[in-house]
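A.B. asks: Residue numbers (the working numbering), protein chains in the order written: chain A, 9 to 232; chain B, 9 to 232.
Even for Gly, the Cβ is constructed at its ideal location relative to N, Cα and C.
This is the structure I have questions about; it appears just below.
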DNA sequence: CATTTTTGTCATATTGTTGCCATAATTCAC
DNA sequence: GTGAATTATGGCAACAATATGACAAAAATG
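Following this line, the structure appears as structure tokens:
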């Protein structure tokens with residue numbers, strides 16, 4: 009099931025959209041302003057974002073801009089008819105599609121379907137987005153900014169766990185138990201070696217890791 | 009797969025257009041100005057050109073004029089709304105269609121689809137292009153940079169499957185089942201031998217395969 | 001039918017992965 | 001700063017998977 013983040017300040021609209029998307033088998037989260045949206049975005053992983061342009065506080069464009077700093081996630085903008093220039097504006101700033109209000113919920117769902125199908129394929133979810141990193145569980149491949157990162161299968165398991173709990177500190181044992189197995193008999197410091205190897209593949213400067221950071225005395229975090 | 013040349017100076021726009029076209033199974037090349045566009049045009053072969061009118065340096069009309077000296081390739085112009093006369097201008101100078109900015113990427117793709125289908129679509133596809141590799145299913149021949157590569161029929165089947173799923177890891181059994189038959193009774197490691205033989209024919213250095221790569225513990229991928 | 005080419009299997013050589021360790025470097029608390 | 005604790009790193013051995021060359025059976029060729 010694919011996860012959609014709905015960013016919309018009018019509950020009347022977001023509720024309806026949510027209802028339709030749920031009927032179409034999507035999992036929805038509603039953010040009522042840009043701030044909450046960015047907060048949710050940084051902590052969770054979504055497959056598509058519906059983003060209202062006109063919002064109090066941070067507007068849709070600002071939100072999109074921030075999202076685009078780290079992610080290529082598909083974003084559909086919801087714009088008012090009056091703001092015809094929004095179209096261009098939205099595009100030049102990186103939106104993938106736009107829908108003009110007032111829109112038919114069915115139409116919106118159809119657009120979402122098309123996107124999800126095109127990008128993730130109609131089948132089971134196998135692709136996960138984390139900022140510049142994209143994991144394909146079916147292929148067991150990872151990309152950073154669209155470049156394939158060549159990982160061994162054990163490395164893939166480790167980074168997969170770290171990304172699943174991005175921005176959360178995981179102890180070596182948590183990593184081992186989740187990535188490998190609960191009854192893994194090995195030495196927990198072996199994780200250090202995996203971290204070393206993964207860093208050398210994903211970090212620009214493995215000496216000063218930007219993503220895969222150490223928490224002294226605790227474990228490791230994937231910051232994104 | 010048909011090749012599209014996108015001539016557009018704003019990366020924000022060309023990137024989105026490219027993304028959509030790739031999703032619709034087109035192969036895209038982006039030229040960020042008229043100069044590069046003409047350079048690429050003279051060195052490669054495309055099936056359709058998307059041409060922005062407003063560009064620094066040589067503008068779209070000039071580019072179109074030059075292209076028309078030697079080619080009848082379909083060209084779709086991308087024009088700004090303000091320049092309404094561009095329409096006429098564009099037509100009189102030989103454009104095949106035009107799209108007014110701001111445009112919906114989905115709409116643009118639809119237009120491209122219509123064109124490609126009208127012009128190239130009626131004939132059967134027996135020729136498949138994958139970068140420097142061209143397969144002719146009718147002739148059962150493969151070319152690399154226009155040079156015929158002499159393959160046996162089993163080798164052709166294997167590479168055909170790999171290219172059909174280029175950039176996807178295929179297990180030995182997937183290759184066997186797709187290339188040969190579902191009830192193939194043989195030993196799956198026989199695929200290794202085919203890979204060896206194909207590599208010796210298509211790779212510059214079979215020891216360090218650039219195209220037909222091994223995924224340790226998984227299978228093989230054709231990277232292109 | 002004889003000859004050549006293709007196909008599939010196998011044994012062996014080579015390469016890649018994994019987990020561990022010893023030692024170096026870093027971090028933290030005092 | 002200093003020392004103790006913790007992490008980083010390079011290397012290595014055991015193991016697992018792949019690459020390769022040789023060969024015989026099967027097909028194709030003429």
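Any chance you could list the beta strand (DSSP E) runs of at least 3 consecutive residues sitting entirely within the segment 119-194 of chain A, in chain order?
C.D. replies: Entirely contained in the segment 119-194 of chain A, the beta strand (DSSP E) runs reaching 3 residues are, in chain order, 135-138, 141-144, 149-152 and 155-157.
A.B. asks: Taking the alpha-carbon positions, what's the residue 17 of chain A to residue 229 of chain B distance?
C.D. replies: Rounded to whole angstroms, residue 17 of chain A and residue 229 of chain B show a C-alpha spacing of 46 angstroms.
A.B. asks: Here's the rule: buried if 16 or more other CB atoms are within 10 angstroms of the residue's CB, otherwise exposed. What is residue 7 of chain B?
C.D. replies: As displayed, chain B neither begins before 9 nor continues past 232, which places residue 7 of chain B out of reach and without an answer.
A.B. asks: So is residue 137 of chain A buried or exposed if we call it buried at 16+ other beta carbons inside 10 Å?
C.D. replies: buried
A.B. asks: Hey, is residue 100 of chain A's beta-carbon within less than 7 angstroms of any beta-carbon in chain B?
C.D. replies: Residue confidence for residue 100 of chain A is low, a pLDDT of 49 falling below 50, so the modelled location carries little weight; the figure read from the coordinates is stated next. For residue 100 of chain A, the answer is yes, since a Cβ of chain B falls inside 7 angstroms of its Cβ.
A.B. asks: Using beta-carbon positions only, say whether residue 208 of chain A and residue 139 of chain A come within less than 7 angstroms of one another.
C.D. replies: no
A.B. asks: Quick check: the segment 166-181 of chain A against the segment 218-228 of chain A, are there 3 or more CB pairs under 8 angstroms?
C.D. replies: With the cut-off at 8 angstroms, the segment 166-181 of chain A and the segment 218-228 of chain A touch.
A.B. asks: Cβ of residue 11 of chain B within 7 angstroms of Cβ of residue 54 of chain B?
C.D. replies: yes
A.B. asks: Would a C-beta distance cut-off of 7 angstroms place residue 35 of chain A and residue 9 of chain A closer than the cut-off?
C.D. replies: In this structure, residue 9 of chain A lies closer than 7 angstroms to residue 35 of chain A by Cβ.
A.B. asks: For residue 151 of chain B, I'd like the list of residues in its chain whose CB is within less than 6 angstroms of its CB, leaving aside the five on either flank, ordered along the chain.
C.D. replies: 142
A.B. asks: Go to residue 66 of chain B, then tell me how far its alpha helix (DSSP H) extends in each direction, as first and last residue.
C.D. replies: Going by DSSP, residue 66 of chain B is part of no alpha helix (DSSP H) at all; its letter is neither H nor E.
A.B. asks: How should residue 120 of chain A be labelled, buried or exposed, when 16 other C-beta atoms within 10 angstroms of its C-beta is the threshold for buried?
C.D. replies: So residue 120 of chain A counts as buried.
A.B. asks: Should residue 19 of chain B be listed as close to the ligand ZN, given that the test is whether its C-beta is under 6 angstroms from any heavy atom?
C.D. replies: Among the ligands in the structure shown, none appear at all, so the ligand ZN cannot be discussed.
A.B. asks: Who are the neighbours of residue 224 of chain B on chain A, taking C-beta pairs under 9 angstroms?
C.D. replies: 160 and 161, listed in chain order.
A.B. asks: Determine the burial state of residue 242 of chain B: buried for a count of at least 16 other Cβ atoms within 10 Å of its Cβ, exposed for fewer.
C.D. replies: Given a span of 9 to 232 for chain B in the structure shown, any question on residue 242 of chain B remains unanswerable.
A.B. asks: Are any of the Cβ atoms in chain B nearer than 7 angstroms to that of residue 35 of chain A?
C.D. replies: no
A.B. asks: Could you check which residue in B:23, B:166 and B:37 has the C-alpha nearest to that of residue 57 of chain B?
C.D. replies: B:37
A.B. asks: When DSSP labels each residue in this structure, what does residue 215 of chain A get in the three-state scheme?
C.D. replies: coil
A.B. asks: Anything in chain A within Cβ reach of residue 182 of chain B, meaning under 9 angstroms, just list it in chain order.
C.D. replies: Correct list: empty, because the minimum Cβ distance to chain A is about 12 angstroms.
A.B. asks: Does residue 4 of chain B have its Cβ less than 7 angstroms from a Cβ in chain A?
C.D. replies: Coverage of chain B is limited to positions 9 through 232, which leaves residue 4 of chain B absent and any answer about it impossible.
A.B. asks: Using only alpha-carbon positions, find the residue among A:169, A:197, A:74 and A:155 that is nearest to residue 188 of chain A.
C.D. replies: A:169
A.B. asks: Cβ of residue 147 of chain A less than 7 angstroms from any chain B Cβ?
C.D. replies: yes
A.B. asks: Considering only C-alpha positions, which residue in the set A:192, A:171 and A:74 is nearest to residue 206 of chain A?
C.D. replies: The residue from A:192, A:171 and A:74 with its alpha-carbon nearest to that of residue 206 of chain A is A:171.
A.B. asks: Would you kindly check if the distance between the Cβ of residue 166 of chain A and the Cβ of residue 202 of chain A is under 7 angstroms?
C.D. replies: yes
A.B. asks: Under the rule that 16 or more other beta-carbon atoms within 10 Å means buried, what is residue 190 of chain A, buried or exposed?
C.D. replies: exposed
A.B. asks: Thinking just about the alpha-carbon of each residue, which of B:173, B:63 and B:116 is nearest to the one in residue 147 of chain A?
C.D. replies: Nearest in C-alpha terms to residue 147 of chain A, of all of B:173, B:63 and B:116, is B:173.
A.B. asks: Please identify the residue among B:63, B:144 and B:32 whose C-alpha is closest to the C-alpha of residue 39 of chain B.
C.D. replies: B:63
A.B. asks: Pick from B:184, B:15, B:195 and B:185: whose alpha carbon is nearest that of residue 69 of chain B?
C.D. replies: B:15
A.B. asks: Excluding sequence positions up to five away, which residues of its chain have a Cβ less than 7 angstroms from the Cβ of residue 44 of chain A?
C.D. replies: none
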